[in-house]
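Novice: For the sequence shown, the numbering used here gives the first residue as 1329, with consecutive numbering after it. Sharing a structure with you now.
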Amino acid sequence: MASLPLGRRRRKLLRLQDYDYTRSGAYFVTICVKDRVCLFGEVVDGEMHPNAYGEIVQAVWDGLPDHYDHVVLDAFVVMPNHIHSIIILDAETTTISSRDEMSKRHGLSEIVRAFKTFSARRINELRQCSGVPVWQRNYYEHIIRNEESLNRIRGYITENPIRWSKDREGPNNPAVG
């Protein structure tokens, strides 16, 4: 195994090896703001109040099915320094007509990359600071394997603003900010 230059850490692989992320299925996705800065608004009394940046994030997320016809959006929440979502890749909703076109279908990582790129570009236009990173390089995903898990994760996403003050990523955690 080749060594890395001094001061560089090997990035931890977060995706399952040999899993095809273009497959139909439901995925729980969490994407964090770079350095976990509270950029998208604030939680007051257990309710998220997005600012203009948070509204951009919501609008770009909501627009994903307009660009990817096999994407179905489920639960979603913008938090001050991250988002949680359930995204469903559904071969049944796609308008692809040939096997060759099916092989070009975008997988989860391409969809997340596009979301991060488009939302960051629009946020930076508003901030008047081109090219400044908005998102962490990676994202967390979990393959949702059954209805029970899907419903549990939906509840987690829906209740996330209520738990914000106790969240390890929240403002009351001494390790954040």
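Every residue gets a Cβ at the ideal spot worked out from N, C-alpha and C, and that includes glycine.
Over the uninterrupted beta strand (DSSP E) stretch that includes TYR1468, give me the two end residues.
Specialist: First-last of the beta strand (DSSP E) with TYR1468: 1468–1472.
Novice: Could you spell out where the beta strand (DSSP E) holding VAL1372 opens and where it closes?
Specialist: Looking at the DSSP string, the run of the beta strand (DSSP E) that includes VAL1372 is 1369–1372.
Novice: What number of angstroms, rounded off, separates the C-alpha of GLY1353 from the C-alpha of LEU1392?
Specialist: Approximately 16 Å between the Cα atoms of the pair.
Novice: By DSSP's criteria, GLU1375 is part of a beta bridge. Which residues make up the other side?
Specialist: Answer is VAL1372, bridged to GLU1375.
Novice: Using the C-alpha atoms, what's the distance from LEU1401 back to ASP1390?
Specialist: Spanning the two alpha carbons is a distance of roughly 8 Å.
Novice: Just the C-alpha distance for ILE1415 and PHE1356, rounded to the nearest angstrom, thanks.
Specialist: Taking the straight line joining both Cα atoms gives about 7 Å.
Novice: By Cβ distance, which residues of its chain are closer than 7 Å to MET1376, with the 5 residues on each side in sequence left out?
Specialist: So the list reads GLY1369, VAL1405, VAL1406, MET1407 and PRO1489, once near-sequence residues are dropped.
Novice: Please report the distance separating the alpha-carbon of ILE1359 from that of GLN1386.
Specialist: Distance between the alpha carbons of ILE1359 and GLN1386 is about 13 Å.
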